[in-house]
Every structure is written in C-alpha cells, then in structure tokens.
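Trainee:
Number of protein chains: 2
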Amino acid sequence: MTKNLNVCLTPALLPLYNVEEYIVVVIDIFRATSSICYGIENGAEAIIPVSQVEECSAYREKGLDYLLAAERDGKVVDGFDFGNSPFSYTAEKVVGKTIVLTTTNGTHALHLSLSAKRIVIGSFLNLTALSNWLKTQHENILLVCAGWKNNFNLEDSLFAGAVIEQLKTEDFVLDDAAIAANDLFQLGKDDINLYLKKTSHGERLKKLGIEKDIEFCLQVDITTAIPVLEGERLVRLV
Amino acid sequence: MTKNLNVCLTPALLPLYNVEEYIVVVIDIFRATSSICYGIENGAEAIIPVSQVEECSAYREKGLDYLLAAERDGKVVDGFDFGNSPFSYTAEKVVGKTIVLTTTNGTHALHLSLSAKRIVIGSFLNLTALSNWLKTQHENILLVCAGWKNNFNLEDSLFAGAVIEQLKTEDFVLDDAAIAANDLFQLGKDDINLYLKKTSHGERLKKLGIEKDIEFCLQVDITTAIPVLEGERLVRLV
Chain U
1 MTKNLNVCLT PALLPLYNVE EYIVVVIDIF RATSSICYGI ENGAEAIIPV
51 SQVEECSAYR EKGLDYLLAA ERDGKVVDGF DFGNSPFSYT AEKVVGKTIV
101 LTTTNGTHAL HLSLSAKRIV IGSFLNLTAL SNWLKTQHEN ILLVCAGWKN
151 NFNLEDSLFA GAVIEQLKTE DFVLDDAAIA ANDLFQLGKD DINLYLKKTS
201 HGERLKKLGI EKDIEFCLQV DITTAIPVLE GERLVRLV
Chain V
239 MTKNLNVCLT PALLPLYNVE EYIVVVIDIF RATSSICYGI ENGAEAIIPV
289 SQVEECSAYR EKGLDYLLAA ERDGKVVDGF DFGNSPFSYT AEKVVGKTIV
339 LTTTNGTHAL HLSLSAKRIV IGSFLNLTAL SNWLKTQHEN ILLVCAGWKN
389 NFNLEDSLFA GAVIEQLKTE DFVLDDAAIA ANDLFQLGKD DINLYLKKTS
439 HGERLKKLGI EKDIEFCLQV DITTAIPVLE GERLVRLV
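Here it is, written out as structure tokens:
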C-alpha cells in the first residue's frame with residue numbers, strides 16, 4: 001500500500017492537511033519535544049500538554065502532586081516549577097510524577113493536531129526508536145514542525161528530514177516539503193550543531209544562555225521511549 | 239544599514255510578515271511569473287493580474303483589445319485565448335498588447351502582497367537582472383513563493399535560493415527560510431531540471447504534458463526586463 005510521508009513545515013500550514021488521515025509526529029527540538037522524550041524516558045508517569053499558562057496554573061488549585069512547567073519566549077514563566085529545559089526532566093525530578101506543560105510552540109502544534117489517528121512525540125533523543133515504530137505502522141505519516149511562532153525553523157525541519165532518512169526506503173510517497181527536509185538533513189547531518197549555528201533560533205537561544213540545552217537536545221538516540229497522547233496525557237507507548 | 243532578506247515559503251505564511259516593510263518578489267516558476275517575465279520582455283504593454291476567472295472574463299465586455307489568459311490546475315480555462323504557457327507570450331503574440339491574467343497560484347500570491355512597498359516579478363529568466371536591481375535598493379526584501387495551493391513547493395523555493403545566492407554577500411540578515419532556500423539551491427544548482435524531477439509538482443506538470451514549458455522556465459538569464467506592479471498593471475521597470 002502506498003502511504004504518504006508529509007512534512008508540515010509550520011503549524012500555520014496544518015489546515016492544508018486532513019490531519020485525521022495521519023499519524024502525527026510533533027517536533028519541537030528546542031526544547032519541548034526533546035524534554036518530553038527525556039521526561040517520559042526517565043519515568044514521568046505522564047505529561048499533560050496545555051495551551052495556556054492559565055490552564056497550567058489551574059492544576060495548582062487541584063491540590064494534587066503535579067509538577068507545573070511553563071515556558072514563553074524561551075524563559076520559565078514566573079511562579080512555575082520549571083520550563084522546558086531538558087535538565088528539569090531528570091529521573092530524580094520526574095519519576096512517578098505527572099507534569100503539566102505549556103510552551104510557546106510545541107504544545108500549540110500538538111493541540112492543532114488533535115484530530116490525528118495518533119499523536120506521538122519526536123526528537124533527536126528518540127530518533128531511531130520512533131522511526132522503527134513508524135515503520136511498523138500502516139498509516140500516512142505527517143511530521144509537524146512546531147517552528148517558532150508559526151514561522152519555519154531549521155532545527156525542526158532538519159529532524160523531520162532525519163526521520164525521513166530512516167523511512168524513505170519504505171513504501172512512502174514524499175511531498176515537496178518532505179524532500180526539502182530530507183535534503184536539508186543531508187547537508188546538516190555530519191555536524192547538526194554546527195549546521196544549526198547559522199540559524200535565527202540558534203542565535204535567539206544563545207542569547208537566552210541555553211547552549212547546554214541545545215547541545216543536549218541534539219544528542220541522537222539516547223532514549224527509546226516514544227511519548228504518545230492518550231486522552232489528554234502523553235504517556236510511554238507500550 | 240542592516241536589511242532583512244526573508245523567504246515566505248507559501249502564501250499561507252504571508253500574515254506572519256509586515257508586508258508593508260518590504261519590497262516583495264513574487265515567484266511562481268511553473269509557470270506564471272516565468273511567462274510574465276517573458277511577456278514583458280517581448281513587448282507586452284502591460285499584464286493585469288486578477289484573482290478570479292470572472293474578473294478576467296469581465297475584460298471581454300470592455301470591448302478593448304485585451305488578451306485574456308486564464309489558468310486553473312495547470313490547464314487553460316475553456317473559452318480563453320490562453321493560459322500561462324510561456325510559449326503564448328512570444329513577441330508576435332503580445333507586442334503592444336495588454337494581457338489580463340489569472341492563475342492558480344501566482345496571481346493569488348501577488349494579491350496578498352499588495353501592501354508591499356513595491357512588487358516585482360521574478361523567475362529564472364530574469365534572475366541576474368532582478369538580483370542586480372535588488373542590490374541597489376535599500377529596503378528589506380521578501381521573496382514570496384506562490385507554491386501550489388498554499389503548499390510549499392521546491393521550484394519556487396529553489397529560485398528564492400538563487401536570488402539569495404546573488405544577494406548574500408550584501409548586508410542582509412537571513413531568516414531560517416532564506417537559509418534553507420539557499421541551501422536547497424546549492425544542492426540543485428548544477429542541474430536544476432534534474433533536481434526538480436523528483437518533486438510532486440514536476441510529476442503533476444509532466445502529466446499535463448508541459449515538459450517543454452518546464453524546460454523553458456528553467457532557462458537562466460534569457461531576459462532582462464523586471465516586471466513591476468504600477469497600480470493594477472505589471473509593466474516594465476524603467
């Protein structure tokens with residue numbers, strides 16, 4: 001069977017796709033989906049992605065043992081436990097916990113994809129585990145790049161290209177965006193960190209003083225968990 | 239002065255830009271902007287881009303000596319003189335004439351850009367003439383890819399990358415889309431026709447039997463005219 005392997009370069013282009021015909025992979029390399037992969041790998045019970053900071057705050061009132069994480073414009077929002085730095089998602093901090101998370105781009109992309117057949121989370125951290133699982137699915141696949149405030153960004157597209165690299169031997173039809181993403185990956189793959197240094201987001205994140213986060217998020221295959229959305233919660237796919 | 243050199247990968251992303259701060263270059267390589275460049279080069283007095291087929295028809299009623307051109311989904315609309323094949327824009331057909339043109343993607347992108355400081359038309363045909371002129375302007379530049387029904391396509395992005403290649407020694411700040419477009423151009427530049435053969439649009443156009451048009455549209459620097467929008471008419475920039 002011929003399946004489509006498509007890349008949605010920014011959430012602003014999602015209306016062009018019949019999302020309900022796809023398994024969606026949400027991609028926000030710096031840093032939401034990297035941190036989600038790391039947190040689930042490290043034993044977080046679940047991560048609940050919410051759109052608004054207020055929704056995140058509301059969980060505080062519920063009096064339960066939630067960790068609240070809110071990021072806007074690359075910074076932890078005042079009054080929250082943490083944002084989306086992967087170093088906040090270590091085993092000692094998250095094991096057994098449920099984290100409520102809102103971010104500038106990643107949770108936005110996820111919420112726009114809710115009608116998908118299934119939503120999973122991708123990052124360089126779980127690249128091969130994710131790709132291997134995708135190979136076993138007999139569905140169209142849409143790689144949704146979270147971008148930056150609806151703008152195209154290179155790091156998310158490059159990762160989409162890395163997934164395509166692992167899948168393209170299979171029976172998939174690629175759209176132009178998938179071809180482009182994969183070609184960009186070919187250019188960047190030998191030193192992704194170096195390649196991304198020239199990008200706008202790299203500059204922006206550097207100003208925020210999170211180079212260590214960036215380095216962390218570009219590690220390939222250090223995790224094997226695939227976070228999947230079940231109801232409103234991201235949990236480990238079993 | 240630092241200027242922005244940005245690429246809008248599809249018209250669906252135009253709302254992300256303050257178009258009024260830019261000179262906009264509209265790009266629809268297969269085939270609208272290639273044909274516009276060729277028609278203006280060959281002595282067409284003006285080309286009037288309109289959004290709807292009905293607007294185009296309306297010019298027939300005006301009883302004047304207009305050539306009416308309408309294309310949808312790659313084909314000439316029934317009842318029209320011609321569509322957007324460059325071979326309809328030869329000197330013998332267009333010299334001294336005013337052409338009213340509506341196309342699937344190109345005129346759409348143009349109309350969304352109307353608030354720009356200036357709108358000019360780009361294609362491989364006038365690549366260097368256009369780039370040289372852009373170098374003399376002290377303005378931000380937005381390269382608007384018409385795409386295919388708001389989807390990203392490779393041929394328009396590749397051309398954006400070709401323009402950037404000529405401008406990037408200048409004092410421009412590139413966004414991620416501009417970096418990506420230029421990188422894709424690096425991959426394709428040695429044989430653009432071959433590179434584009436793998437794209438979806440290439441397949442689509444091949445089915446329409448217009449390989450000769452495609453070959454024509456990928457000729458570099460065979461024209462020097464720069465079509466510019468004056469009021470509602472595209473005319474030769476002087």
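In order, the protein sequences belong to chains U and V.
Residue numbering for the first sequence follows our numbering, starting at 1 and increasing by one per position.
Residue numbering for the second sequence follows our numbering, starting at 239 and increasing by one per position.
Note that beta-carbon positions come from the ideal geometry of N, C-alpha and C, so glycine has one too.
Just so it is clear, the structure is predicted and the values come from calculations on it, not from any experiment.
With a Cβ-Cβ cutoff of 8 angstroms, do D338(V) and A307(V) count as a contact?
Mentor: With the sequence shown as reference, residue 338(V) is identified as Val, and Asp is not the correct amino acid for it. Taking 8 angstroms as the Cβ cut-off, V338(V) and A307(V) qualify as a contacting pair.
Trainee: Of the choices T341(V), N378(V), A329(V), T336(V), whose alpha-carbon is the least far from that of G321(V)?
Mentor: T341(V)
Trainee: What are the partner residues of W371(V), as DSSP defines its beta bridges?
Mentor: Bridge partners of W371(V): none, in fact.
Trainee: Cα separation between M1(U) and T437(V)?
Mentor: C-alpha of M1(U) to C-alpha of T437(V): approximately 20 angstroms in a straight line.
Trainee: Using the DSSP secondary-structure output, state which residues sit across from P11(U) in a beta bridge.
Mentor: Answer is none; P11(U) lacks a bridge partner.
Trainee: A109(U) CB to nearest chain V CB: under 8 angstroms?
Mentor: No - not a single Cβ of chain V is within 8 angstroms of the one on A109(U).
Trainee: Looking at C-beta atoms only, is the number of pairs between the segment 240-259 of chain V and the segment 12-22 of chain U that lie closer than 8 angstroms three or more?
Mentor: yes
Trainee: Shortest alpha-carbon distance to E165(U) belongs to which of A180(U), I210(U), R118(U), E139(U)?
Mentor: The shortest C-alpha separation from E165(U) is found at A180(U).
Trainee: Check whether the Cβ of F185(U) lies closer than 8 angstroms to any Cβ atom in chain V.
Mentor: Not one beta carbon of chain V lies nearer than 8 angstroms to the beta carbon of F185(U).
Trainee: Starting from the beta carbon of T437(V), find every residue of chain U whose beta carbon is closer than 8 angstroms, and list them in chain order.
Mentor: D176, I179
Trainee: Would you say N193(U) reaches chain V, if we count a Cβ-Cβ gap shorter than 8 angstroms as a contact?
Mentor: no
Trainee: Check the Cβ-Cβ distances between F320(V) and every residue of chain U, and say whether any is below 8 angstroms.
Mentor: no
Trainee: Count the other CB atoms within 10 Å of the CB of H138(U); is the residue buried (16 or more) or exposed (fewer)?
Mentor: exposed
Trainee: Closest Cβ-Cβ distance between F325(V) and chain B: below 8 angstroms?
Mentor: In summary, chain B is missing from the structure at hand, where the protein chains are U and V.
Trainee: Give, in chain order, every residue of the segment 135-154 of chain U whose Cβ lies closer than 9 angstroms to some Cβ of chain V.
Mentor: G147, W148, K149, N150, N151, F152, N153, L154
Trainee: Going by alpha carbons, who is nearest to L446(V) out of R269(V), L243(V), C246(V)?
Mentor: R269(V)
Trainee: Since D213(U) contacts G106(U) with CB under 8 angstroms, what's their CB separation in whole angstroms?
Mentor: Wrong, their Cβ atoms sit about 14 angstroms apart, outside the cutoff.
Trainee: Is there at least one Cβ from chain V nearer than 8 angstroms to T223(U)'s Cβ?
Mentor: no
Trainee: Alpha carbon to alpha carbon, what distance is there between A400(V) and V358(V)?
Mentor: 16 angstroms
Trainee: Could you please tell me which residues of the segment 250-269 of chain V, in chain order, have their CB closer than 7 angstroms to any CB of chain U?
Mentor: Correct list: A250, L251, L254.
Trainee: With DSSP as the reference, label K62(U) as helix, strand or coil.
Mentor: In the three-state reduction of the DSSP assignment, K62(U) falls in the coil class.
Trainee: Just the Cα atoms here: how many angstroms apart are T454(V) and N420(V)?
Mentor: For clarity, residue 454(V) is Phe in the given sequence; the question names Thr instead. The alpha-carbon atoms of F454(V) and N420(V) are separated by roughly 22 angstroms.
Trainee: Quick one: list the residues of chain V neighbouring S157(U), beta-carbon separation under 9 angstroms, in chain order.
Mentor: D414, A418
Trainee: Please confirm whether F382(V) and C246(V) have their CB atoms less than 8 angstroms apart.
Mentor: According to the sequence as given, residue 382(V) is Val; it is not Phe. Yes; because the gap between Cβ atoms is below 8 angstroms, this pair is in contact.
Trainee: Could you name the residues of the same chain whose beta carbon sits closer than 7 angstroms to that of E460(V), not counting the 5 residues immediately before and after it, in chain order?
Mentor: The sequence as given places Ile at residue 460(V); Glu does not occur at that position. Here the set comprises L363.
Trainee: Could one say the Cβ of T90(U) lies closer than 8 angstroms to chain V's Cβ atoms, at least one of them?
Mentor: For T90(U), the answer is no, since every Cβ of chain V falls outside 8 angstroms of its Cβ.
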